[in-house]
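Below is one structure; the comments refer to it alone.
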């Protein structure tokens, strides 16, 4: 079942990555201004946060499989509605609902993987989910670009809806419920404030915020960096592919055994230091070779942080509260992406040093992390 869940996770994240190259031009094609196109893009991210939180709650209350099924059905319906979008106002409305339904699925899927993984193997299981996300990140944008150029934006969404039909059928046939009747009865025993203030979970949330802040900054500022160096637009895509491929190699190779053997706080600290170094290298990079090296280094840092912070959620929660914790965690994930691109835009406009400034932000978050992790036993509990 776990292997099929990884396929479902690929489908979930294809939803995000296939849209990368097509949402903005689709809005512009419908007559949106550049500002309105940015609103169209942001609408998805904002409601995705709410979807994460409620999806986590539903997965504790009603079960992981039921939440996945509901989310998949809603995804098929809402993605199909892109096919006939007559106005910008309607498109924004679709994006609002789409962000919510997409957000529901992620905490349920990750809680399911954590539920069925042996306690001592959660770290490696989370690394393999990273492979799924990495594959979606590598192939999703390319697929979106190719399909939209061949068949148009609306038909690209039709193909994506059909992919979700496959995901729905896989969920119905192959996924078994991982929660128990008892855990679903106990879903409300843990207060939200407890999950928000439990120190190991706070560390996971901060790690998620830090990682996705760096990703948001990268997605905004890397194209500007390559343009300033007079490089072709395609170089940006190739650089991001280097990052994705490097991360997938770490996630899927025997190196992933370290996530079961090395304390997660140590891996997260090392990963954030490596990402900060990569940001500084990008800042000073003046040629393609330096940028390729920097993105490869970034991929290593990302690969250390992602499974480790997910492992914290599985390690320091019970089954009855894991969905809600994952919902909060992925809400921070979404917030980090928005904050990163916004901060990078501000630092670019005010100081023209987005990557160096982002390295400083990450170092500050790393200091907060180091203060919080004192006295916590990160061994299996």
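Residue numbers (this note's numbering): 2 to 382. All C-beta atoms, glycine included, are put in the ideal place defined by N, C-alpha and C. Every value quoted in this text rests on a predicted model; they were computed, and no experiment measured them.
Residue 381 classed as buried or exposed, judged by whether at least 16 other C-beta atoms fall within 10 angstroms: Caution is warranted here: a pLDDT of 47 is assigned to residue 381, below 50, making its placement in the model unreliable, and the coordinate value is therefore given only provisionally. When all chains shown are included, residue 381 counts as exposed.
Determine the extent of the alpha helix (DSSP H) in which residue 116 is found, giving its start and end residues. Start and end: 89-117.
Residue 207 by DSSP, collapsed to three states: which one? Reduced to three states, the DSSP call for residue 207 is helix.
What number of angstroms, rounded off, separates the C-alpha of residue 291 from the C-alpha of residue 280? Rounded to the nearest angstrom, the gap between the Cα atoms of residue 291 and residue 280 is 12 Å.
What residue range is occupied by the uninterrupted alpha helix (DSSP H) comprising residue 67? For residue 67, the enclosing alpha helix (DSSP H) begins and ends at 65-81.
Do you know how far the Cα of residue 133 is from the Cα of residue 296? For residue 296 and residue 133, the distance between alpha carbons rounds to 19 Å.
Residue 41 lies in the alpha helix (DSSP H); which residues open and close that run? Counting along the chain, residue 41 sits inside the alpha helix (DSSP H) bounded by residues 35-62.
Tell me whether the stretch 118-131 and the stretch 67-85 touch, counting them as touching only if at least three CB pairs, one residue from each stretch, are closer than 8 Å. Note that the stretch 118-131 does not touch the stretch 67-85; fewer than 3 beta-carbon pairs, one per stretch, sit closer than 8 Å.
For the putative contact between residue 245 and residue 345, defined by C-beta atoms under 8 Å, what is the C-beta separation to the nearest angstrom? Between residue 345 and residue 245 the Cβ distance is about 19 Å, and since that is not below 8 Å, they are no contact.
Segment limits, alpha helix (DSSP H) that includes residue 189: Segment: none, residue 189 is in no alpha helix (DSSP H) and carries neither H nor E.
Counting Cβ pairs, one atom from each stretch, are 3 or more of them under 8 Å apart for the stretch 319-334 and the stretch 104-116? Flag = yes, the stretch 319-334 and the stretch 104-116 touch.
Buried or exposed for residue 221, going by 16 or more other Cβ atoms inside 10 Å? Under a 10 Å Cβ-count criterion, residue 221 is classified as buried, with 16 or more other Cβ atoms of the shown protein chains found around its own Cβ.
Nearest CA to the CA of residue 107: which residue from 328, 320, 158 and 333? Just measuring C-alpha positions, the residue of 328, 320, 158 and 333 sitting nearest residue 107 is 328.
Looking at the secondary structure, which residues open and close the alpha helix (DSSP H) in which residue 156 lies? Where residue 156 is concerned, the enclosing alpha helix (DSSP H) stretches over 154-175.
Closer than 8 Å is the cut-off here; do at least three beta carbon pairs connect the stretch 212-232 with the stretch 349-364? Under the Cβ criterion (8 Å, minimum of three pairs), the stretch 212-232 counts as touching the stretch 349-364.
Would you check if there are 3 or more beta carbon pairs closer than 8 Å linking the stretch 258-275 to the stretch 174-192? No, the stretch 258-275 is not in contact with the stretch 174-192.
Taking the alpha-carbon positions, what's the residue 89 to residue 335 distance? Going from the Cα of residue 89 to the Cα of residue 335 covers about 23 Å.
Near residue 102, which residues of its chain fall below 7 Å by C-beta distance, leaving aside the five closest residues on each side in sequence? Around residue 102: 52, 72, 75, 76 and 79.
Three Cβ pairs or more, each shorter than 8 Å: is that satisfied between the stretch 202-214 and the stretch 297-316? Touching, per the Cβ criterion.
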